[in-house]
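Each residue of the sequence shown is one higher than the last, beginning at 1455 in the numbering used here. Just so you know, even glycine gets a beta-carbon here, dropped at the ideal spot from N, CA and C. Presented below is the structure to which this report refers.
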Amino acid sequence: MIRHNLDVMHIEKNVFDNIFNTVMNVKGKTKDTLKSGMELNDYCNRPEYAPDEGGKMPSVPYALAKEAKKALCEWVKTLRFPDGYASNLGRCVDMTNLRLIKMKSHDCHVFMQRLIPIAFRELLPPQVWKALTELSLFFKDLTSTSIGREDMERLQSDIPLILCQLEMIFPPSLFNSMEHLPVHLPYEARIAGPVQYRWMYRFESYMGELKVNVTNKARVEGSIANAYLVEEAANFCSYYFDDHVTTNRTALRRNESPDRVNDEGIPEVFIKSGQTFGTKGRRVLEEREFILQPEYMFY
């Protein structure tokens, strides 16, 4: 029995926002402020992190310098993901203030689990990078589609150690109630099952669809019911259309091509052909790109 069904989606986003904004030293969002620095010695003995008499904050190992932040933002702008895997993170980059803005919950989810170990590998000290990587792997293992009791027990014993490592690096002001909720997540996953059936991604997406259907705010329920009936009737009728009629049921995805390769010797996964997108151009591959090309194609 679980006392609370904690939402992994919002916990992961809030943990990511607090840590990432502190590492990027985003004004107004970082937890390493002048007030927290003045109270630092009241909670722990870290005189090297406390501000000086003039109120100037010292350089800390967990915060990136200006050049490092610029390199990270430029790297994020060049990222490209498979269609449907993630949104365009390049739109979130603010090169003027060197920060990431307007990131949705799923953007934070992808960055936390896939990009943190790569993004900070060369920018942060090893002990800071290692702690952040372990936190990233914790959420990655926690949100796996298939989990085992032994795996969740391992995560339940690992997460207190990970948080202790973070507490030894970051200021105490970073750790509010949200940063301590991950301690309970492995137990809930062990009792209630994989988080894919319990987190809020699908529910919030469906709520967004319902809000779009509300055309008369004085009759919210009626608008939703009417839009639902229209959608169901349209889907039912689409089964009787000719094959050349494009509907939501038969429409191709953005990068799919209607042409198919009719060759029995080609595996099923390669039968559907895609189409190019973006500006056309030619260039010679570098030696490193040529070596990595087979791994990118097949793995």
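{"Check": "Bridge partners - V1547, DSSP secondary structure assignment", "Outcome": "L1554"}
{"Check": "Local Cβ density within 10 Å of P1580, reported as buried at 16 or more and exposed below that", "Outcome": "exposed"}
{"Check": "Three-state class that DSSP yields for G1662 in the structure shown", "Outcome": "helix"}
{"Check": "Own chain residues within Cβ distance below 8 Å of R1575, not counting five before or after", "Outcome": "W1583"}
{"Check": "Alpha-carbon spacing of M1557 relative to L1683, whole angstroms", "Outcome": "34 Å"}
{"Check": "Per-residue burial, L1620 [other beta carbons within 10 Å of its own, 16 or more giving buried]", "Outcome": "buried"}
{"Check": "Range covered by the alpha helix (DSSP H) that runs through T1476", "Outcome": "1462-1477"}
{"Check": "Beta-carbon proximity list for Q1610, same chain, < 7 Å, skipping 5 on both sides", "Outcome": "P1640, Y1641"}
{"Check": "Separation of S1590 from Q1567, as counted between CA atoms", "Outcome": "5 Å"}
{"Check": "Nonlocal neighbours in the same chain, by C-beta distance under 8 Å from A1504, ignoring five residues either side", "Outcome": "G1491, M1492, L1494, N1495, P1512"}
{"Check": "Environment of N1542 [buried if 16+ CB atoms lie within 10 Å]", "Outcome": "exposed"}
{"Check": "Short Cβ contact (9 Å threshold) for L1628 with I1473", "Outcome": "yes"}
{"Check": "Continuous alpha helix (DSSP H) stretch holding K1671: start and end", "Outcome": "Run containing K1671: none; DSSP gives neither H nor E here."}
{"Check": "Of the residues R1644, E1743, R1534, the one placed nearest I1601, counting alpha carbons only", "Outcome": "R1644"}
{"Check": "Counted within 10 angstroms of its Cβ, other Cβ atoms place T1669 as buried (16 or more) or exposed", "Outcome": "exposed"}
{"Check": "Residue range of the alpha helix (DSSP H) that includes Q1610", "Outcome": "1603-1623"}
{"Check": "Candidates M1606, R1673, G1676, G1647: closest to V1637 by CA position", "Outcome": "M1606"}
{"Check": "contact_flag[the segment 1524-1531, the segment 1654-1673] where n(CB pairs < 8 Å) is 3 or more", "Outcome": "no"}
{"Check": "Rounded separation between L1586 and D1697 - CA only", "Outcome": "51 Å"}
{"Check": "Contacts around M1463, its chain only, beta-carbon distance under 6 Å, and the 5 residues preceding and following it disregarded", "Outcome": "S1559, W1653, M1654, Y1655"}
{"Check": "Three-state secondary structure (DSSP) of N1499", "Outcome": "coil"}
{"Check": "G1735, DSSP secondary structure in three states", "Outcome": "coil"}
{"Check": "Secondary structure of K1520, DSSP reduced to three states", "Outcome": "helix"}
{"Check": "N-terminal and C-terminal residue of the alpha helix (DSSP H) that W1583 is part of", "Outcome": "1580-1596"}
{"Check": "Coarse secondary structure for G1676, derived from DSSP in three states", "Outcome": "helix"}
{"Check": "Straight-line Cα distance separating V1530 from L1577", "Outcome": "14 Å"}
{"Check": "Reduced DSSP category for V1684 - H, G, I as helix; E, B as strand; rest coil", "Outcome": "helix"}
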